[in-house]
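For the sequence shown, the working numbering assigns the number 24 to the initial residue and increments by one for each residue that follows.
Structure, as structure tokens:
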Amino acid sequence: MTIWQIVIAASIAVLAIKFVGYLVPPALLDRPAPARIADLLTVALLAALIAVQTLGSGQAIVLDARVPAVIVAGVLFWLKVPFILVVIAAAVVAAGIRALT
């Protein structure tokens, strides 16, 4: 299988999954348990993506300037600082640490 065949197959699969989502009755999603699961699943997937992008480098775990930058961003989000300031602060922390090493 070539890369293009894999991309096309994955695109068709995603489209099919999205279509199946429209067939789910709204009454099912209005119940508390499925709504809570959907909310928690979204947060878990986002946390996993952040962890992989921050700590991963190929097959290895790397602790570099990204880790303190993400910690600073998390603390600033917790303090409800505006998003643009969070991005700038995290970038400054990462750049400062990289400049020191």
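All C-beta atoms in this analysis are idealised placements derived from N, C-alpha and C, irrespective of residue type, glycine included.
Collapsed DSSP secondary structure at residue i in the structure displayed
i, result
"A92", "helix"
"G81", "coil"
"R121", "helix"
Contacting residues, own chain, Cβ-Cβ under 6 Å from residue i (five flanking each side not counted)
i, result
"V93", "T77"
Option nearest residue i by Cα separation, candidates the options
i, options, result
"R89", "A71, W101, I120 and G81", "I120"
"V96", "A112, L86 and G81", "For the sequence presented, residue 96 should be read as Ala rather than Val. Cα-wise, what sits closest to A96 is A112."
Own chain residues within Cβ distance below 7 Å of residue i, not counting five before or after
i, result
"I84", "L78"
"F100", "V109"
Same chain only: Cβ atoms within 8 Å of residue i, ignoring 5 sequence neighbours per side
i, result
"P91", "V116, A117 and I120"
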